[in-house]
Structure formats: C-alpha cells, structure tokens
Amino acid sequence: MRENKLSGHLTNQFGKFKKLGFLDLTINSISGVIPDSLCKSSCLRILWLAFNKLSGELPMSIGQLFNLESLTFGRNKLEGVVNETHFEKLTKLKYLFASGNNLSLKVSPNWIPPFQLVEEIGIGSWNLGTAEIPSWINELHKNVSVLDLSDTGLSGEVPTWVWGTLLDHATFVKIQSNEMMITSKHTAFFFLITIFFNSNSFTSTYANNTTFCHKIEKQALLTLKQSLNLNNSTLSSWNTTNSNCCTWNGVVCSVPTGHVHRLHLSSHSLPGKINLSTLLDLKHLTYLDLSHNQFQGSIPPSIARLKNLEYLNLSNAGFHGEIPRSIGNLSSLRTLVLEGSGQRVHGLGWLSGLVLLKHLNMNFVDLGKETNWLQIINALPRLAELHLRGCKLPSPLSTLDHVNVTTSLTFLDLSRNELASFSGWIFRQGNLRFLNMSRNYIEGHVPSTSNTTKLQHIDLSWNKLRSGIPDWIYSCQDLKVVYLGNNFLNGTISKRVANLTSLDTFSLSYNQISGEVPSEITSLCTIRILDLSGNNLEGNISDLFANMSHCFLEAVVTWRMRENKLSGHLTGKFGEFKKLTFLDLTKNSISGVIPHSLGESSSLRRLWLGFNKLNGELPMSIGQLSNLESLTFGRNMLEGIVNETHFEKLTKLKYLFASGNNLSLKVSPNWIPPFQLVEELGIGSWNLGTGSEIPSWIHGLHKNVSVLDLSDIGLSGEVPTWVWGVSILNLSHNQFHGEIPDFKPWKHHLAFPYHRRMYLSSNRFSDSLPRVSYDMLELDLSNNSFSGSLSHFLCDATYDTYVLKILHLGNNLISGEIPNCWMKWSSLEYINLGNNLMFGRIPSSIDLLANLVSLNLDGNKFSGQIPLSIQNCTKLVKFDVGGNDLVGKIPTWIGTSLSNLMFLVLRSNRFSGEIPSSICHLNALQVLDISSNDLSGVIPSCMHNLTAMATSRSFEEYDGGGIQYSQVFDTFMESVSIDTKGSVLQYDTILVLVTSINLSYNNLSGEIPGGVTSLVELKFLNLSRNHLTGPIPRGVGDMKQLESLDLSRNSLVGEIPVSITVLSFMSYLDLSYNLLEGRIPESTQILGMDASSFVGNRLCGPPLPHNCTNSRDEEEEDEDGDEGEIDWFYVFVTSGYFVGFVGAGSVLVLNKSWRQGYFAWAERAWHKICVYSTIKWVRLKLALGG
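For the sequence shown, this note's numbering assigns the number 1 to the initial residue and increments by one for each residue that follows.
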C-alpha cells in the first residue's frame, strides 16, 4: 500500500497474519505507535514502514522477527531507547533503514549484532552514545555496501576501513552533518549522498541536483519490461512518460554518473521466460536481484555476459533445471544466491572462478551427486557465508581433516542433507559464528575437540549422535543458541554450563541425558528458552529450583521439562517468573498441590502440567491468568470442586485438557464461560452435575470447538446433532444409544486438526455401521451393539480413497464375511474386528494393507487357512487370529516375512502339524500363544533365538510401557490377552514389558529344550497338557523373571531342580500330573503354593501333606488303584465299540462326512492308547528299579 494517502493508526489486527511475508506501507500519513502485536507475524521477511508519522517507542518485540531480512522505519517520529533486545533474533537482517528518528542506541561496548550479513544500514540522526563510529559497525563493514551515519554527532578522522569499504564494494556512503575530517589521501573518494530505502526504489540525490539516466540504459529497461508481457500495474513506473529511469521502481543509478548499477526486482511476480540479453547495455550493472518471482525455464546462460555483477540473487525466482556453469565466469561476484527447489548442477567446478565470493546460497538446489563439494568450497579464499540447506548433500569423499582451511568462514548451514558423519574441516573454522547441521543422518560422536570458540549459534539436532555433550561447548562463551535435541546423546549436563553467560536458547530435548539438572543452570541471566524435554533427568524439582536467581526469573520465557523423571513438589517460586509464557512439566512424577502462587505469573500463555501425580484441589488463582491460551492438567489425581472463579479471567483460553481427574464442576445453570473462543475442551471423568445430558454451556461453545473429550462422565440418551460436527470427539465409556449418522468431512478441513478422529467405544450404539468420510483418520466403535455386515462400510463408493489409520470394531455383533474392498484403505495401520460374529475365509486382498502394524481377527468363526498374501504385510507387530476355526499348518513364512512381530496369537484354532522352526527367527517376539490346537512333534530346539525374551527392558525405553497408536487423549493402546496364573489377563499399559510362551493343550512330545532356560526375561511359560517327556531343565533357575510356570499334565520325569527355589518372582506354579519324584525343594515361594500344584506325581514334602519317609508305599498303592480304574475304562470302551459296530458300520458306508469324521476320531484314539502304553511301560520300569 506504499505511496498512497492512508492515515490513522496501525491496530493489533496486524499481528494476526499467519503467512504474511511482505508488508509495505511506505510513504503514507500513518500515525500512532507501532503495535507490539505486529511483531507476532513471525513469517515477515520484509517490513517497510518508512516515511510516515509513526511516534512512540520502537517495540522490543520487533527483535523476535527471526525471518526478517529487510526493515525500514526511517523518517518517522519515533523516540526513546533502542537496545540489544530490539535486534535479538534478527540474524537474517540484510537491510536496515531507520534514519530520521529521535532514537538513542544503548548497547554494551562489546556488542556483536546478530545481523552479521547486513548489507545496507541507515541510522542517521540517532544518538549512538559515542563520538566515534562504534566498533560493532566496524565488525559489519565487510558486507556493508550502503551506510548512513549522518547527523549522529560523530567527530574525528574518518576511519580507514570506511574508505576501504568504499573502494571495495560500497555503493553509497553518507556521513554528512557530522564533524569528521578527511585526510588528503582520501579526498578523491569523498562525496555526499542521501539514501532513501523506498521499497525496491532507491532514489539518490547529489547536491540537490537530480540524476538522470542514460537513454540507452532506459531503452534496455523498457525492452526488458516489454519482453515479459507484464500487466499495467507491474512496474507501472517504467514508462516513456517518466523519462528519468533513475526514479523508476527498483532502479538505482550511480551518483554522479547516472548509470544504472542496481536493479531491485524482487517479489514483483514477474512471469514467463526472461531475456537477460536485454540488459547487456547496462554496462555498469553491479547488483541484480530477481528473487521471488515466477519465471519459467532454467537460468539463461547469457547471464554470464553481465561481467560487472558483484551481487546476483535469483532465489525462488521460479527457475528450474540445470544451473548454467557459465555463472562461474562472473569473476567479480561477491554474493551469489541461487536458492530454490527444482534446480540441479552437474559439477561444482565452476565455483572455483569466483575468487572474490563472500556469500554463497544454494539452498534446496540438488547437489546429490557432488561428492567433492567440500574440496571446492574450501578453495574459495574469501567465503564468509555458506548456505547449502536441503541440497541432498552426500558425505564428502575427503573430509579434509589434515588440510589447511580458510579462516574467513563465519556462517555455515548444511542442514537437511544426507551427511552421515562430521568433517574435521568444520570444527577447525576458527571464525565460525553460526553452524547448522540439523536433520542429517550423522551418527557417532560429536568431535571431542574444536577450534570454533567464537560460535554464537550451533544446531546439531535431528541426527543420530550417541556421545555425551562435548566439553568444548562449555568453553564457547559467546554461545547464544544451542540446539542438540532429537539425538541419542547421553551422559549428564555439566556444571560448566554456568560459563555460557550469553546463552539465550538451550535445547537438549529428546535425548538420553540422565542425572540431575545442575542448579547452575538457574543462574543464567540471559536464558530465554530452556528445553530439556524427553530425557532421563531426575531429581526433586522443589530442591532443584529452590534458589533460582533473580535474573533467571526475569529472563526465562519458555521452560520445558516434559517426559523426564522429576519428582517432588512445585514450590511458590514458580509464581515469581516475570516473563514466563510457556511452562511444560508434562509426564513426570511431580506430586503435591499446584501452588497458589502459580496464578501470579500473569505472562503465562501456556501451562502444561498433565500426566503427573498432582493432588489436592485446583487453585482458584489459576483463573487470574488473563493471558492464558492453553491449560493442561489432565491425568493427575486432582479432586474437589471447580467453579466459575477458576475460569474468571481466562478470556483468551483456547485449549483446556483436564480429563482424568476426580473433579466436580459446580456452575450456575445459565453460566456462560469467558473462554468463548475455546477450540479444544477435555473434561473426561469429571462430574458435571447435569445428570445425563451435555451441559448447555458446552453447546454454546460448539461453533469453535474442534476437539471435545466428554468420556466417562455418565452421559446417556441420544447424541445431539451438533456434536457430530466436532473434528476430534471422545464420547467413550458413557451410555449413549441410538444410531450414528454417516460421518461427513470436517467443515474446516484446511485448518488444524485437518483430520477427523472418533472415539465412541463402550456405549450402547446400535444398528449398522456409519459410513466414514475421506478425512477420517482414527475410528473406535468397539464395545457397542453394531450389527450387519462390513460391506456397505468398506465398499462404499462415495470416495476414491481414505486416510483411515485406526479401525477398531471389536466386541460388536457384526456378521458376514470380510469383503474384498481393501484397495481404498491402504493407509490402515491398526485393524481390530475381534469378538464379532464374522465367518468365512480371511480375504487374500488384505495384502494391499502394506502399512498394517496390528491385525486382530480373534473371537470370530473364520475358517480355512491363513492366506499366503499376509506375508506381504511386513510391518506387522501383532497378528491375532485366536479363537477361530482356522486349519492347516502354521505357515513357515511367518518367521521369515513378518520379522517385526512382537505378538503372535494363534490359540484355539485347529492348526496341525509341527511348530515350524522358522518361528525362532522372530527375534522381536515377546508373546507366543499357539495353545489349544492339534500341533504335534517336538518343541523347536532353537527357542533360545527368541532374543526379545532374553533382553531386559524398562518403562522409560518405551515411553511408559505401552504401545501407543494415537496421541490424542492418550487413549488408544495395543493390548494382548494372556492365559496365565490360572486366568486370562489383558495387558496394555505395561505390554512392552510382558513376555510369554503358551504351547498348552496340544499333542507336543519330546523333551523341553534346554535353550528355553536362556530366555531369562520370560515371565510366563505354559507347556501344560501335552505329552512332553524327560526331566525339567536344570537351568530353570536362570529364568529369574518367571512369574508363572505351568508344566502340568505331561510325562515329565526325575526330580524338581533345586534351582527352582531362586525364582523369587514366581507366584504361580503347576507341576501336577507328571512322573516327577523325590522331595519338593523348599523355599518361601514354594511353601506358599497350593498342594494341588504337585499332586499326581511321586513327590513328597511340603506343601504336600505326606513327608518323604512313608510316601513311597502310599503312592505305589495309589498307582495300583489308578491302574485298575483305567483298565476297566478301556474294557468298557472296547465293549461299546463291538456292540455298536454293526449299526455304526452301515451308517459309515452310506455317509461320506460321517465316515471321514469317524476315521479321524479313530486315529486320535489310537494315538492316546499308544501314549498310555508308553506311560505304563515307564512306570513299570521305575517300579522295578530302572
């Protein structure tokens, strides 16, 4: 909106832009102050407010615009003090025009501006607090080409470097209205120039005389415009009416020659192919900026004919294809910016011709085949700034560990590449101030030594680093920003962190750092962002931060410690933070009450205390946090009453997660919450005091609510229609009934949360399944009364494809076969159709679900064999088809194709044959249940290869012990039912700690493999009701984690191994009905067992009632009695067989299915007779003494 007649004030609405990158209000009549909210527009790259009537102070928050590249607010009426905070994060700033205001600069004498790459700086009329040109400007002079220090009270001789800069690359220098002297040797280069930063139009005057451009150059510019076929509004000042092209938008002429030497054509939406040969008549052109346009095709090779170019910026200009090597002929280039995706190079050798190059930016250019990039870069002697972000860079063939390096490099960005290791070359750059190598694939250790002692910014996050934090980091006293998160760093945080006195941001999140947080961290006076989330840090939080320094309390803005092992209570100190906006202590073990003083931290915008052990009542003072936007304290142990006072001033609240506490809400029937803009509301498990209906105050919020959790609060009846419009909905564990309507796409599908998620389990919904929308991501309808088939659900033709990842329809009344309609559901990761009334064969088309992680078809009536196509579901972690009528052999490919399996459940089917030895290849397997089948043969001797059952694990390794498929509401976890300790138990929250083998109720024979005892982390072992022989393995005592051992009803012989007495965790033992003999080993665990665990053997001693002195004769007598009873049983069976032979024989001849069934029964009976005979023979040998 530049160069209009706009007046009035800038309002706070300007801070609500989400993607605004360029705001230009130059040359209007806008007055008032610059609103603080404007500085919340974090996407801003260009902010131009110059030549208005703005007054008041410059807001400090402008220093938070970390993407800002160009800032102008010159020629206004601003006043007051400007300090270091005003520039705090402006690391990308290249253009600053602030002249013509009544501002005073107050910075430390040794201040180093964050904008080390600034090219144009104008602070005329400022009070710089010094008579000499400040040293911080001297630090910037290598890149500065435009400098305005007019009317700043400077005196003395002009420093030599100013003239050196002028000779080197300066375009304009203005030092008028000072009292500086010029020595004769510099007189030839002195002239007075006024600089105006007006958008892309830089107008220059010399001694009050207007500079006119040359006719040939004007014609060249008009030809360029004509070749682009522009509309009337683009470059409208470029016309024949305005004869002086030096005043055209984007054109800068030299004073006093009048030659065009700069073209600023950035962000003009220039289209089509550009013919740069039209610019060949601009013989003095040194600066060309065509960035952020919409050109087509590749960069024209003719650009190399612009021989005098010192600055070339073609970033994100729309070019694609190969970058011409001819750019290497531009030997005067000092700055080259080619950033933009869709471009590539074939060889970087052409860079070697750019010997004056200081700034190189090739972000997102494809350099994936350039293995010699490091040698070429190292050969550029003056290079100070290198941007190679997102270039697919491979690790260099040579790391130059022993090669001399240039010392000019100050800025290095190699982030988002494919680097696998560090180069020693990097850590020998003695002048390096900025280093970003985040989001690569770097493994191993961070180098233990480094020369980069001047570092101010280091980012090594999102790699695979496995060392401790290197000691040299604590010696970089200028460090302001440290990002080391999302690696595998270990060790502790050193107390030497106190040396980092300039530290602004310290992020070690999501590593494996342990120990206590050193108290020295709370003495850092400049720290604003502290993020130690996702580690193994421990300690008492009340002791840890009891002595926080005053300056620490005043400095911290963001403090995150989520997902650690912190304990203790929150103290009153937490209410003393002055600028704290974000406090995150989620998922620790913090107990006690929420301190009342926390409500005094008026700056808080986000307060996250969920998933701890907090108790007591919610303090009423929390309702005074008038700036609060997000509040979470769900999954704690809070209790008591919540009333209107708790929300009194929370007018800005948008996110409230308070589910999982024992709280009661007591508000007036007509209560209207102050948080009318709330978007996420979670109050599951609360007592809302409204009976069975959803309260009216929630209905009043529904227009904005996108996430709603009303689970487990005793609601019933039919669900109101408006509720189905919520994007993420949890109504589980209530008593709602009726039919669920078909789900429609969410009305705000382009806004967060983008996809729909529905959790409606454990209600009384009925009728047929609802159809889902294409944007449904997670759907849980389990534990209801849905009926009908799956056909209309899976085969619906409304949408071509679906994004559904989680589908849980278990425990309903769904019937029919599974239809072959999986082609639209390729995103599915979790399917649960268990415990329904389904039948038929498992469809082979299930192999289309290549992303499937968990498949649960248990508790139905599926028949046939396991389809071969399931071997293509290679990501499966859980496969459960228990409780069906499946037949055939267990496929051998399960052990080879499904290598990620952790849980394999095939119980209660009709599988036959032997257990395939390929099962032993499943080294991630934790639960194996193939009980209650017709399996025969021996237990594979390779069971010791199931290494997951021999590997120790902890809660922390697996984020609490559960396998989570959805983070929303923290409700959706994997579960497995295990038959153990005489009952069936379901495990979910500690599932990853559970290990179990159940081979019971089969026809297995042979001995128990000794390798089983090497599974030292196995918790449940059930081999009962088979035909196993031989002794109990002597190494059973090595299985010290065993909680349940069932070997009953086999033919095991020998004595019980004495080592069984060391199994201190064992709470269930059943060895009954075997051929064991001798004394029962004594231990506290065994004495606590029931005698029934040992009956049916030749054992003696406690807990059996008979001791070992007279038990032998009694047992022999019992055996004789048993023999007589069993013999008579078989006599009657045989007699019955002969009596019914004639009638049954005729039926078998006439009926084929009966005939097949009979012979199958006869085969099993013969097998039992053979087994029985073998047992009698063994007993006879024992009775005869061997």
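We put the CB at the ideal spot given by N, CA and C, even for glycine.
Are the beta-carbon atoms of Ser936 and Asn1003 separated by less than 8 Å? yes
Let me make sure I understand the geometry here. Which of Ser99, Ser326, Asn110, Tyr483 has the alpha-carbon closest to that of Leu503? Among Ser99, Ser326, Asn110, Tyr483, the Cα nearest to that of Leu503 belongs to Tyr483.
Have a look at Gly539 and Glu57 and give me their C-alpha separation to the nearest angstrom. 44 Å
When DSSP labels each residue in this structure, what does Gly572 get in the three-state scheme? helix
Distance check for Leu760 and Gly1202, CA to CA, integer angstroms please. No statement about residue 1202 is possible, as the shown extent of the chain runs from 1 to 1186 and does not include it.
Per-residue DSSP class, three states only, for Trp1188: With the chain covering only 1 through 1186, there is no way to say anything about residue 1188.
Any idea what DSSP makes of Pro1103, helix, strand or coil? It is coil, neither helix nor strand.
Can the beta-carbon of Val707 be found closer than 8 Å to that of Glu679? Yes, they are a contact pair.
Can you check whether the CB of Asp148 is closer than 8 Å to the CB of Glu217? At the C-beta level, Glu217 and Asp148 stay beyond 8 Å of one another.
To the nearest angstrom, report how far apart Asn811 and Leu833 are at their CA atoms. 8 Å
Given a threshold of 16 other Cβ atoms within 10 Å of its Cβ, counted over all protein chains shown, does Gln735 qualify as buried or as exposed? exposed
Kindly indicate the opening and closing residues of the alpha helix (DSSP H) around Trp350. Boundaries cannot be given for Trp350, as no alpha helix (DSSP H) includes it and DSSP labels it neither H nor E.
Distance between Met637 and Leu731 (C-alpha atoms, nearest Å): 21 Å
Local Cβ density within 10 Å of Phe1065, reported as buried at 16 or more and exposed below that: Phe1065 should be labelled exposed.
Rounded to whole angstroms, what's the CA-CA distance from Glu693 to Val719? Just pull it up for me. Glu693 and Val719 have their alpha carbons spaced roughly 9 Å apart.
Residue(s) in a DSSP beta bridge with Arg757: Note: Arg757 sits in a beta bridge opposite Ile728, Glu778.
If you count every other CB in all the chains shown that lies within 10 Å of the CB of Pro741, and 16 or more means buried, which is it? exposed
Can you tell me whether DSSP reads Met620 as helix, strand or coil? helix
Would Gln624 and Gly599 be called neighbours here (beta carbons separated by less than 8 Å)? yes
For the region 590-658, which segments carrying the beta strand (DSSP E) assignment without a break, of at least 3 residues, lie completely within its bounds, in sequence order? 606-608, 613-616, 630-632, 637-642, 655-657
Does DSSP put Val992 in a helix, in a strand, or in coil? helix
Buried or exposed, going by whether 16 or more other CB atoms sit within 10 Å of the CB of Leu868? exposed
According to DSSP, Glu538 sits in a beta bridge with which residue or residues? Glu538 is bridged to Glu516, Lys565.
Hey, which unbroken runs of the alpha helix (DSSP H) at 4 residues or more fall wholly within the region 830-902? Those alpha helix (DSSP H) runs which fall completely within the region 830-902 and span 4+ residues are 894-897.
Could you have a look at Gln13 and say whether DSSP puts it in helix, strand or coil? It is helical.
For Asp709, write down the residues that DSSP places opposite it in a beta bridge. Asp709 pairs with Gly682, Asn730.
Is the region 1017-1024 touching the region 989-1000, taking contact as three or more C-beta pairs under 8 Å? yes
Pull up the distance between the alpha-carbon of Thr335 and that of Pro159, whole angstroms please. Taking C-alpha positions only, Thr335 is separated from Pro159 by approximately 25 Å.
Same chain only: Cβ atoms within 8 Å of Pro669, ignoring 5 sequence neighbours per side: Ser696
Would you report the Cα separation of Glu784 and Leu807, rounded to the nearest angstrom? Contrary to the premise, residue 784 reads as Asn rather than Glu in this sequence. Distance between the alpha carbons of Asn784 and Leu807 is about 14 Å.
In chain order, what residues of the same chain have a beta carbon less than 8 Å from the beta carbon of Ser415, not counting five sequence neighbours either side? Arg389, Gly390, Asn436, Met437, Ser438, Arg439, Asn440, Asp459
Helix or strand or just coil, what does DSSP make of Gly1006? strand
Distance between Leu78 and Ser233 (C-alpha atoms, nearest Å): 33 Å
Whole-angstrom Cβ separation of Ile521 and Val497, contact assumed at under 8 Å? 6 Å
Given a cut-off of 8 Å on the beta-carbon distance, is the pair Lys89 and Glu69 in contact? no
Throw me the rounded Cβ distance for the Ser533 and Asp471 pair, which I believe falls under 8 Å. In fact, because the Cβ distance is near 23 Å, the residues do not count as touching under 8 Å.
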